[in-house]
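Below is one structure, written out as structure tokens; the observations come after it.
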Amino acid sequence: MSNTEKKIIYLLLIWYGGGIIAHNSSLLFPFTQKITDLLLFATNSLVLFSAYAKNRNSLLIIACLLAAVLTFFIEVAGVATGQIFGVYEYGATMKWQAWGVPFVIGFNWVILILAGLDISQKYVSFLYPPLLAALLVVGFDYVMEPVAMKLDYWQWANDVIPLQNYVAWGVIALFIAMVFKHLNIKTDSPVLRIYLLIQLVFFVLLRLTL
4 MSNTEKKIIY
14 LLLIWYGGGI
24 IAHNSSLLFP
34 FTQKITDLLL
44 FATNSLVLFS
54 AYAKNRNSLL
64 IIACLLAAVL
74 TFFIEVAGVA
84 TGQIFGVYEY
94 GATMKWQAWG
104 VPFVIGFNWV
114 ILILAGLDIS
124 QKYVSFLYPP
134 LLAALLVVGF
144 DYVMEPVAMK
154 LDYWQWANDV
164 IPLQNYVAWG
174 VIALFIAMVF
184 KHLNIKTDSP
194 VLRIYLLIQL
204 VFFVLLRLTL
């Protein structure tokens, strides 16, 4: 691990560790809601840049941007029809939106899928990496969903998170991970792997404390 990667990981730990404290502080919580979009965009950009800097593969950037756009418009269709994930709508916490969907949401999902694929390819040899990546993302979503509702990231109809949501995300994550693997996009990035873990711990702790 390079010194730059270590510095980025330390910065991510500070940002998300501070976020746990801030979300549990009545004084700081309103501020955290105002910077949610900015924080997600900044951290995902930093993580993607770190992965690119290690491999110098412009295809990584192009594939991630195209996948983020695809995911964004799948979300647009999901919100508009209620047929993909179930009936839901985004709240006011993430303010930079178009057609009822935050711009940063697709970007965040794609980076998490890429991180899941990185973990799968590095540590697991007995399972098809895109499948394990999809399972990791679905597990992450399961942990995050109740917290996301409490923080008004989005709201589900009748406050019920449908099984359909997890199935849909599993299929989408599997498809994107398969495309990344088919394009032979390699990352081997400790920043990516730890970022997924940091976000997971962030939502686990918020699920326990909010």
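Counting with our numbering, you get residues 4 to 213 for the letters of the sequence shown. We treat Cβ as the ideally placed atom computed from N, Cα and C, and that holds for glycine.
Reduced DSSP category for residue i - H, G, I as helix; E, B as strand; rest coil
i      : result
Val194 : helix
Tyr156 : coil
Ala180 : helix
Tyr91  : strand
Pro33  : helix
Gln202 : helix
Gln86  : coil
Cβ neighbours of residue i in the same chain (closer than 8 Å, five flanking residues each side left out)
i      : result
Asn60  : Ile188, Lys189
Pro132 : Leu120, Ser123, Gln124, Ala180, Lys184
Phe205 : Tyr19, Gly22, Ile23
Same chain, Cβ closer than 6 Å to residue i, neighbours up to 5 away in sequence not counted
i      : result
Pro165 : Gly89
Leu213 : Lys153
Nonlocal neighbours in the same chain, by C-beta distance under 7 Å from residue i, ignoring five residues either side
i      : result
Ile179 : Ala70, Val113, Ile116
Tyr145 : Tyr169
Thr96  : Gln36, Thr39, Leu154, Asp155, Tyr156
Limits of the alpha helix (DSSP H) - the one that residue i falls within
i      : result
Gln124 : 106–126
Thr96  : Thr96 -> no alpha helix (DSSP H), and no H or E assigned at all.
Trp18  : 6–26
Tyr55  : 39–58
Whole-number beta carbon distance between residue j and residue i, since they are thought to touch under 8 Å
i      : j      : result
Tyr93  : Gly81  : 10 Å between Cβ atoms; not a contact.
Val141 : Ile12  : With 8 Å as the limit, Val141 and Ile12 do not qualify as a contact, their Cβ atoms being about 25 Å apart.
Ala137 : Leu177 : 4 Å
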